[in-house]
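For the record, the sequence lines run as chains C, D, X and S. For the first sequence, this note's numbering begins at 1 and goes up steadily by one. For the second sequence, this note's numbering begins at 1001 and goes up steadily by one. For the third sequence, this note's numbering begins at 2001 and goes up steadily by one. For the fourth sequence, this note's numbering begins at 3001 and goes up steadily by one. Each residue gets a CB set at the ideal place from its N, CA and C atoms; glycine is no exception.
4 protein chains.
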Amino acid sequence: MAGSTFGTIFKITTWGESHGKALGVVVDGCPAGLPLEESDIQFYLDRRKPGSTSIATPRKENDEVEILSGIFEGKTTGTPISMMIRNTSQHSADYGDIATYYRPGHADYTFDQKYGFRDYRGGGRSSGRETAGRVAAGAIAQKLLRELGIEVCAYTRSIGPIQADVSNPDRSIILSTETAMPDPIANEKAVAYLAQARKELDSVGGCMECIVNGLPAGIGDPVFEKLDANLAKAIMSIGAVKAVEIGDGCEVSSRRGSENNDAFCMENGAVSKKTNHAGGTLGGISDGSTLLIRAHVKPTPSIYQTQETVNQSGEEIQINIKGRHDPIIVPRAVVVMESMTALTILDAMMINMSARLSSMVDFYRK
Amino acid sequence: MAGSTFGTIFKITTWGESHGKALGVVVDGCPAGLPLEESDIQFYLDRRKPGSTSIATPRKENDEVEILSGIFEGKTTGTPISMMIRNTSQHSADYGDIATYYRPGHADYTFDQKYGFRDYRGGGRSSGRETAGRVAAGAIAQKLLRELGIEVCAYTRSIGPIQADVSNPDRSIILSTETAMPDPIANEKAVAYLAQARKELDSVGGCMECIVNGLPAGIGDPVFEKLDANLAKAIMSIGAVKAVEIGDGCEVSSRRGSENNDAFCMENGAVSKKTNHAGGTLGGISDGSTLLIRAHVKPTPSIYQTQETVNQSGEEIQINIKGRHDPIIVPRAVVVMESMTALTILDAMMINMSARLSSMVDFYRK
Amino acid sequence: MAGSTFGTIFKITTWGESHGKALGVVVDGCPAGLPLEESDIQFYLDRRKPGSTSIATPRKENDEVEILSGIFEGKTTGTPISMMIRNTSQHSADYGDIATYYRPGHADYTFDQKYGFRDYRGGGRSSGRETAGRVAAGAIAQKLLRELGIEVCAYTRSIGPIQADVSNPDRSIILSTETAMPDPIANEKAVAYLAQARKELDSVGGCMECIVNGLPAGIGDPVFEKLDANLAKAIMSIGAVKAVEIGDGCEVSSRRGSENNDAFCMENGAVSKKTNHAGGTLGGISDGSTLLIRAHVKPTPSIYQTQETVNQSGEEIQINIKGRHDPIIVPRAVVVMESMTALTILDAMMINMSARLSSMVDFYRK
Amino acid sequence: MAGSTFGTIFKITTWGESHGKALGVVVDGCPAGLPLEESDIQFYLDRRKPGSTSIATPRKENDEVEILSGIFEGKTTGTPISMMIRNTSQHSADYGDIATYYRPGHADYTFDQKYGFRDYRGGGRSSGRETAGRVAAGAIAQKLLRELGIEVCAYTRSIGPIQADVSNPDRSIILSTETAMPDPIANEKAVAYLAQARKELDSVGGCMECIVNGLPAGIGDPVFEKLDANLAKAIMSIGAVKAVEIGDGCEVSSRRGSENNDAFCMENGAVSKKTNHAGGTLGGISDGSTLLIRAHVKPTPSIYQTQETVNQSGEEIQINIKGRHDPIIVPRAVVVMESMTALTILDAMMINMSARLSSMVDFYRK
């Protein structure tokens, strides 16, 4: 079905395949009056661009965004913002041989089962390139959130066995390291670890984290539209993510209540919490503390070792994947996580505006 | 907003508070022709009923379901199935004192921030009792899935430090143990561990798991409506769940690609996989293997120890929570996880029916 | 599918059949803080109650509403408001014979084609009784709109050939006439006309109209979610409505632009219009004038004359419908039109709150 | 909000303004396997192209569509189909003066009220050019429906006082007349009438009609998602439409039941109806007869006579609109009506596939 649309009021629709003419996104429901130009978007796209560091695929894409609608005299008008990125570096020939068999860890087999056939060039719609549209949309969401005093920041927490110190993530460091770790020392170790893995024709998994500061309490809805539920969907919809944690996440299952409860306290005249095991939500609604989401990402499934699989004729075969592939997904996915988090929060904030009768009365009878 | 509705075609809407007159659910979009009576639903509701085992709250609720619409001559008609459970055991007096302060780990504070005030009796809408409606709806989804050859089964994987052997979960054992573990020996240890925790006026976290067998390949959509994304939302929307994993989940972040990829092979003339690290999905679409989802549940926030918090006047105070509370959430939440999984899968299967033009042509031109 | 839910943020789900145990509605997304009790709802339900006037079916239903959730200490809490009306006057025996054939003008045949069978008692889900849930929900929407300074008022414009004077509709007259006409003289003629039709074993069609005063300019969205488009859907979803007009409606197709354009002017320092051919919307967005919607309703399909039809065995037969039927639908449908209009407008007003960045900034940074 | 998306499973999102860089649409949820190329789309776009006949605006647009994604080896893949039309003939200068005042009958004022400002060039998003995206999407829907044996056909029924004979509409005649009337004689009169209106610096309203043949019985849902309700929304969302009728429409309100009921009969061994006053739906569900929808369209609001209005400073002024405007909207809107009808029906058919348990069992267990 229509699985390419995300959000209720701030709604995005992405389109495009890895090796088609272009990729893009339509952002509908953006409030009128936000100053916006292509460079606002480009900054974020450049963070997921391939070919920019030693550890990423040498595939070069300029990923230059063009805004086609929704802006007038430098500001959003409230109508859909359509953005497009032309594909410029397509080596379709590299992919010809994968037309006939199913790559382990990829969606080749499941696409064939669902649709009867597939655009096999570079993974088609299930390619990581699909996320370019998410990032372009997320750039707008982040710019808007900043107007509301909210900062979203994602980074790499670990790569294989290498853990970064994430106790105080600094955006300028995150933007400067090849791995998007907020820890230059761990970054160096991780780069070495990745070089070794690549030498062994292998790939590596990793963990990424996203924090949100400045989010007011009261955002998110009870029951099915819990803020954490929507974040879990948003983040799990990023290809290769296999687990999502909120706050202390998996650790809570081996804890006692007396350890895990966050005591409320007063701080500068406002309600606060002494700890933040909950990661910023209670009952699915933001509690005013830092929101914290963690995602575990599998190793790139395309590796250069010989692998066993079957082909479309039902024969067991051995394959050697060619093409240009990152040894790790995480550093380029960090900005995608940031984008999906921003989109989810912004939409929840819009929906929240009619939660109280008094707010509606103030809004319409002022 | 409208956070109480779940699903696109098989759509459920739950309602009701812990201490209101009743709770219930409306199931819309159920296909016509499914034999259904109240006992089909009651069986599942009894699995989450309080007061049924030594380890659960002594609060007694009969939780008797009444079907109010949508059935004619013993079968679903395709119109909404409304189900109601009257609340019969309300000790609202127990909750009077919590009106004025915020219980740690509960949604008291966040509800107040969102709505300006709250129904404080027993947690109101954020009570675990809200899930009764989900379970009633899930019972229908499970009955329908069984007609399609699909079995959904959830169980307790761990309680505090006690791990169950879940290598071959047997539904009859799961239904027979107090903890819903598929492992009688671990169950015994867990019961003892819980008794100890209760004695220490404390509560315990745990982990639950759900598997789905018989699901055909091809279910779920690429991009935002990935099957795992929708499962993540569904499961994370259960109160107290703080992490969701698909397949090997968190472990993938420290793996190599060569370890993590599942090789395709042929088995009885059909495509299969040698391993199932992926947990049954590739690219967000089911691959025909067993689907596996895991959820980490925090300890019950209501504990009998003295806790620190603040009241609505902004004073730091110490509190002692009264009332009747489970020392652990998991055993009663297992059937909720099963329900949410069944609802998600069934909806995805309905949506999938128009994925291929040839299917539509067969359907309408036969 | 799930065709029983209406609205995006203010979302209602109705359920129940004519001759089942009960009917009802769940209202989700109602802002917290609205004073609400059963009598607020009952007033509206009584307006569509059968058996209350000489011209309606003698079927007696008390239609007593019970609020089951979502209210605490006399106010809405922001959580779902579930309302139920028990069916008390069911003469199912009257309907036994219609199980085997298709009544002309009814949904018997189409339900059978869609679902394979049907609940034939009193029309089941396609009965006019289904609208009780809409009216209960609409009562809440109207109470809330009144807090925002907005009045919704529907009335009967014509019955068969009898036209009412609707130039200045007065709610107290509408509530006092059997036909819901705002014109006592036309009402008298219409009552006589209906008596004559009934004597001739026939039924009569009619036209109803709804106006909205106090609606600010700027409500509704361009393109697919135009305010008039959503009103058209809302009103056309009322059984027996076959045409919906906005403003001058059908007449515009034979007009010149110079006649049809409404000139803007200044009135008391505010932008106004000299005429209101448009009926209160321009480009799908409210323009601050009175909103005007008109609906044409077919004659009750159940008539006492002998009719030709076919039965489920494919034989052409003659039938005589028994049971208790109104000779006209309109007077009882007027309150349904009012309800659907109120629900549509309220939802659009909630969605509109994030249309401008400056509004969001004011809301969250005040 | 996000008002630019239409449909549940077959979902389209349009974007673009009259005088921006481009316009377009993303079609998501199209089944895999439909042969599709740009010429399939271009045929429909050419039918709404300006500048093609004597009676339309002399503004020339090539309106050349480019398919950017979703097609592989000549067939749809099941992933989003993005289509773009570059704007090539922009005379923005013509529109400079309308920046400061509100044109009667246009959305200038309401956009300003909603968003705080507007893209005033050529109406921006509220321009008729917005429908190019709908038509491109509708072209796909129509091609797909034809595979299911369903034909959608719209035409002009009347222009001002000139009525066409529509008793047997022939598509080749519709495509050949300047007015899209299926009646060459009426067409000639209408062309003369329009020439006269243009001479008088005036514009003209009209009525268009759409029929659907081959639609099976059982499509559409009871209650809110009635087929006629969704059609009403779809058609009323076309700019300038002020009334929508199904079947005999407005006429039913002055009828007797004995006249209006359609008797069922047998025809070639199948259930049929002797008449079709209902226009192909009963209870919101298709009944297997021809579906008939009618729409009344207001005269083009841009006329060359002097008009009264107010400017943004709140002064009453007189204006003379310049630019290039059609004297009538209908002939170019006919293909938009056809598109919206096709989109609505196709989506309803997809949703209908899970209406019966037996269909799901057949689908998944065959």
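Could you confirm whether any beta carbon from chain D is found closer than 8 Å to the beta carbon of C:Asp28? Taking the first sequence and counting its residues from 1, the one referred to as residue 28 of chain C is at position 28. Not one beta carbon of chain D lies nearer than 8 Å to the beta carbon of C:Asp28.
Cβ of D:Ile1009 less than 8 Å from any chain X Cβ? One-based indexing of the second sequence puts residue 1009 of chain D at position 9. The beta-carbon of D:Ile1009 is placed less than 8 Å from the nearest beta-carbon of chain X.
Cβ of S:Gly3206 within 8 Å of Cβ of S:Val3335? As a first step, residue 3206 of chain S is located in the fourth sequence; it is residue number 206 there, counting from the start. As a first step, residue 3335 of chain S is located in the fourth sequence; it is residue number 335 there, counting from the start. For the 8 Å CB-CB criterion, S:Gly3206 and S:Val3335 do not form a contact.
Please say whether X:Tyr2115 and S:Arg3356 have beta carbons closer to each other than 8 Å? As a working note, residue 3356 of chain S is residue 356 in the fourth sequence. As a working note, residue 2115 of chain X is residue 115 in the third sequence. Yes, they are a contact pair.
Outcome for D:Pro1184 when other beta-carbon atoms lying within 10 angstroms are tallied against a minimum of 16: Sequence index remark: in the second sequence, residue 1184 of chain D carries index 184 (1-based). With fewer than 16 other Cβ atoms within 10 Å, it is exposed.
Could you please tell me which residues of the region 1339–1354 of chain D, in chain order, have their CB closer than 8 Å to any CB of chain A? This model lacks chain A altogether, as its protein chains are C, D, X and S.
Considering only the alpha carbon of each residue, which of X:Asp2362, X:Ser2354, X:Ile2345, X:Lys2366 lies closest to X:Leu2144? As a first step, residue 2144 of chain X must be located in the third sequence, where it is residue number 144. Ranked by how close their Cα comes to the Cα of X:Leu2144, the residues X:Asp2362, X:Ser2354, X:Ile2345, X:Lys2366 have X:Ile2345 in first place.
Mind the definition here: the region 2118–2134 of chain X touches the region 3207–3218 of chain S only if three or more C-beta pairs lie below 8 Å; say whether that holds. Three or more beta-carbon pairs separated by less than 8 Å are not found between the region 2118–2134 of chain X and the region 3207–3218 of chain S, which leaves the two stretches without contact.
Taking only beta carbons into account, state which residues of the region 195–229 of chain C come closer than 7 Å to chain X, listed in chain order. For the region 195–229 of chain C, the set of residues with a beta-carbon nearer than 7 Å to any beta-carbon of chain X comprises Pro216, Pro222, in chain order.
Report yes or no: do three or more beta-carbon pairs, one from the region 18–33 of chain C and one from the region 69–89 of chain C, lie closer than 8 Å? Here the region 18–33 of chain C makes contact with the region 69–89 of chain C; the two share three or more CB pairs at distances below 8 Å.
Environment of S:Ser3203 [buried if 16+ CB atoms lie within 10 Å]: Numbered from its first residue, the fourth sequence carries residue 3203 of chain S at position 203. With 16 or more Cβ atoms within 10 Å of its Cβ, S:Ser3203 is classed as buried.
Give me the Cα-Cα distance between D:Ile1211 and D:Leu1291, rounded to the nearest whole angstrom. Here residue 1211 of chain D corresponds to residue number 211 of the second sequence, with the count starting at 1. Here residue 1291 of chain D corresponds to residue number 291 of the second sequence, with the count starting at 1. The C-alpha of D:Leu1291 is placed about 5 Å away from the C-alpha of D:Ile1211.
Would X:Asn2268 be called buried (16 or more neighbouring beta carbons within 10 Å of its own) or exposed? Here residue 2268 of chain X refers to the residue found at position 268 of the third sequence. X:Asn2268 is exposed by the Cβ-count criterion.
Buried/exposed call for S:Lys3273, threshold 16 Cβ in 10 Å: As a working note, residue 3273 of chain S is residue 273 in the fourth sequence. Here S:Lys3273 is buried, its C-beta having at least 16 other C-beta atoms within 10 Å.
What's the call for X:Asn2260, buried or exposed, on a 16-neighbour Cβ count within 10 Å? Working through the third sequence from its first residue, we reach residue 2260 of chain X at position 260. Buried, since its Cβ has 16 or more Cβ neighbours within 10 Å.
Limits of the unbroken beta strand (DSSP E) element including S:Gly3206: The residue given as residue 3206 of chain S occupies position 206 in the fourth sequence. Where S:Gly3206 is concerned, the enclosing beta strand (DSSP E) stretches over 3206–3213.
Could you tell me the alpha carbon to alpha carbon distance between X:Gln2305 and X:Lys2322, rounded to whole angstroms? Residue 2305 of chain X sits at position 305 when you count from the first residue of the third sequence. Residue 2322 of chain X sits at position 322 when you count from the first residue of the third sequence. When only Cα atoms are considered, X:Gln2305 and X:Lys2322 end up about 10 Å apart.
Residue nearest to S:Ser3158 in terms of C-alpha spacing, selected from X:Cys2250, X:Val2330, X:Ala2333, X:Asn2320: As a first step, residue 3158 of chain S is located in the fourth sequence; it is residue number 158 there, counting from the start. Checking every option, the nearest Cα to that of S:Ser3158 belongs to X:Cys2250.
My output table needs one value for S:Asn3320: the three-state DSSP class, helix, strand or coil. Here residue 3320 of chain S refers to the residue found at position 320 of the fourth sequence. Three-state result, S:Asn3320: coil.
For S:Phe3264, the first and last residue of its enclosing beta strand (DSSP E): The residue given as residue 3264 of chain S occupies position 264 in the fourth sequence. From DSSP, the beta strand (DSSP E) with S:Phe3264 extends over 3264–3267.
C-alpha gap between D:Cys1256 and C:Ala154, whole angstroms: Taking the first residue of the second sequence as 1, we reach residue 1256 of chain D at position 256. Taking the first residue of the first sequence as 1, we reach residue 154 of chain C at position 154. Here residue 1256 of chain D turns out to be Arg, not Cys, going by the sequence shown. In this model, D:Arg1256 and C:Ala154 are separated by some 23 Å (Cα to Cα).
Under 8 Å, with one C-beta from each stretch per pair, do the region 1224–1240 of chain D and the region 228–245 of chain C reach the 3-pair mark? Judged by pairs of C-beta atoms under 8 Å, the region 1224–1240 of chain D touches the region 228–245 of chain C, as three or more such pairs exist.
Put X:Tyr2155 into one of helix, strand or coil per three-state DSSP. The sequence position of residue 2155 of chain X within the third sequence is 155, counting from 1. It is a strand residue.
Can you name the residues of chain D whose CB is closer than 7 Å to the CB of X:Phe2072? Here residue 2072 of chain X refers to the residue found at position 72 when the third sequence is read from its first residue. In chain order: Asp1119.
Return the first residue and the last residue of the beta strand (DSSP E) that D:Ala1180 is part of. Residue mapping note: residue 1180 of chain D aligns to position 180 of the second sequence, counting from 1. Here D:Ala1180 belongs to no beta strand (DSSP E), and DSSP marks it neither H nor E.
Check this for me: beta carbons of X:Gly2029 and X:Pro2301, under 8 Å apart or not? Your numbering for residue 2029 of chain X matches position 29 in the third sequence. Your numbering for residue 2301 of chain X matches position 301 in the third sequence. Cβ atoms of X:Gly2029 and X:Pro2301: not closer than 8 Å.
Within 8 Å of any Cβ in chain D, is that where the Cβ of X:Gly2269 sits? Within the third sequence, numbered from 1, the residue matching residue 2269 of chain X stands at position 269. Interface criterion not met: the Cβ of X:Gly2269 is under 8 Å from no Cβ in chain D.
Alpha-carbon spacing of S:Val3289 relative to S:Thr3281, whole angstroms: Sequence index remark: in the fourth sequence, residue 3289 of chain S carries index 289 (1-based). Sequence index remark: in the fourth sequence, residue 3281 of chain S carries index 281 (1-based). One detail in the question is off: residue 3289 of chain S reads as Ser in this sequence, not Val. Approximately 8 Å between the Cα atoms of the pair.
Quick one: what's got a C-beta closer than 6 Å to X:Glu2245's C-beta in the same chain, skipping five residues either side? Residue mapping note: residue 2245 of chain X aligns to position 245 of the third sequence, counting from 1. Same-chain partners within the cutoff: Arg2294.
With distances taken from CA atoms, which of X:Leu2034, X:Arg2103, X:Ala2243 is nearest X:Thr2079? Residue mapping note: residue 2079 of chain X aligns to position 79 of the third sequence, counting from 1. Checked all of X:Leu2034, X:Arg2103, X:Ala2243; the closest Cα to X:Thr2079 is X:Leu2034.
Quick one, which residues of the region 2097–2122 of chain X are near chain S if we go by CB-CB under 9 Å, in chain order? Taking 9 Å as the Cβ-Cβ cut-off against chain S, the residues of the region 2097–2122 of chain X that qualify are Tyr2101, Tyr2102, Arg2103, Pro2104, Gly2105, His2106, Ala2107, Asp2108, Tyr2109, Thr2110, Phe2111, Asp2112, Gln2113, Lys2114, Tyr2115, Gly2116.
Applying a beta-carbon distance threshold of less than 9 Å, which residues of chain S neighbour C:Gly124? For the purposes of this step, residue 124 of chain C is taken as the residue at position 124 of the first sequence. Chain S residues near C:Gly124: Phe3072, Thr3077, Thr3079.
Neighbour flag for C:Arg365 against chain D, beta carbons, 8 Å: Taking the first residue of the first sequence as 1, we reach residue 365 of chain C at position 365. With 8 Å as the cut-off, C:Arg365 does not count as an interface residue toward chain D.
Hey, how far is the Cα of X:Ala2348 from the Cα of D:Asp1262? Looking up residue 2348 of chain X in the third sequence gives position 348. Looking up residue 1262 of chain D in the second sequence gives position 262. Between X:Ala2348 and D:Asp1262, the C-alpha separation is close to 49 Å.
Quick check on C:Glu130: buried or exposed, where buried means 16 or more other Cβ atoms within 10 Å of its Cβ? The residue you call residue 130 of chain C lines up with position 130 of the first sequence. By the 10 Å Cβ count, C:Glu130 comes out buried.
Output needed for X:Glu2073: all residues of its chain with C-beta closer than 6 Å, excluding positions within five of it in sequence on either side, in chain order. Counting from one through the third sequence, the residue named residue 2073 of chain X turns up at place 73. Same-chain partners within the cutoff: there are none.
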